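Engineer: Mapping of the sequence shown onto our numbering: residues 42 to 235, in sequence order.
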Amino acid sequence: MILQPRDSGWLEVICGPMFSGKTEELIRRLKRARYAGQNHQNFKPSLDDRYDDDAIVSHDASQLDSIGVDGVDEIRDHLEPDVEVVGIDEAQFFDDGLRRLCDELAGEGVRVVLAGLDLDYMGRPFGPMPSLLVSAEYVSKLLAICVRCGDPAAYTYRLSEDPQQVLVGSDDEYEARCRSCFYDGYPSTSDSET
Ligand code: ADP
Ligand code: ZN
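Structural data, given as structure tokens:
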């Protein structure tokens, strides 16, 4: 990041598939805000209860304190008036109200850092992420490593056949795959909605 706004806040989005290091990168940025002595608050949806209710935890076990919330309104309820940096993990699980909140906060001078899956297990845009991505000043798209062939992986493949969009799980339920290994796994879905 080379240029930063002087007169307003801004929105940073970190996206990519599972295992691409989104949470690690979010934690890295938020820890640096903490070292800089900035007031910061971190949130994640409480439905993501894979590791810890009060912490953002990466697959590599680095972690940071956070507040588990049930929706955007609950983030609003917890926000402190003097907050300077707001971090939100698993942004794909919130509704479109997240875009409004991020725009409001950035307009008030807050730096907002989001991490989330840009694509769901079918390769479709996930929740509010498209809107957040176009609203952000800074976008980082991370890639994992395809567990099948070792190529860069932008897709999250679901191992079970459960058809619901939200199914919280980790390496027992999902694997990172490159484009070709992803669509190999779903031969009948190449015309899926985009
Ligand atoms: P995300 O938030 O994107 O799901 P995390 O930050 O929680 O990712 O975890 C990233 C870590 O996951 C990596 O540093 C690595 O240790 C681990 N990992 C496990 N499987 C893979 C994979 N297929 N490709 C890359 N990293 C992987
Ligand atoms: Zn592959």
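Yeah, the Cβ is synthetic: ideal placement off N, Cα and C, and Gly gets one too. Small disclaimer: the values here were computed from a predicted structure and weren't measured.
#1: CB Val182 to CB Gly57, shorter than 8 angstroms?
#2: When the distance is taken between beta carbons, is Gly168 closer than 8 angstroms to Gly50?
#3: Provide the residue span of the alpha helix (DSSP H) that contains Arg141, from first to last.
#4: Quick check: Thr197 and Leu158, are their CB atoms within less than 8 angstroms of each other?
#5: Answer yes or no: the CB of Gly78 versus the heavy atoms of the ligand ADP, is any distance below 7 angstroms?
#6: So, do the region 63-70 and the region 188-205 have three or more beta carbon pairs nearer to each other than 8 angstroms?
#7: Can you tell me the Cα-Cα spacing of Leu184 and Ser107, whole angstroms?
#8: What is the residue span of the alpha helix (DSSP H) that Phe223 lies within?
Structural biologist: Once the coordinates are examined:
#1: The sequence shown places Lys at residue 182, not Val. Yes, the Cβ-Cβ distance between Lys182 and Gly57 is below 8 angstroms.
#2: No, the Cβ-Cβ distance between Gly50 and Gly168 is not below 8 angstroms.
#3: Run containing Arg141: 138-148, per the alpha helix (DSSP H) assignment.
#4: Yes; because the gap between Cβ atoms is below 8 angstroms, this pair is in contact.
#5: No, Cβ of Gly78 sits at least 7 angstroms from all heavy atoms of the ligand ADP.
#6: As far as the Cβ criterion goes, the region 63-70 does not touch the region 188-205, which means the pair count is below three.
#7: About 25 angstroms.
#8: Taken as a continuous stretch (DSSP letters only), the alpha helix (DSSP H) holding Phe223 covers 220-226.
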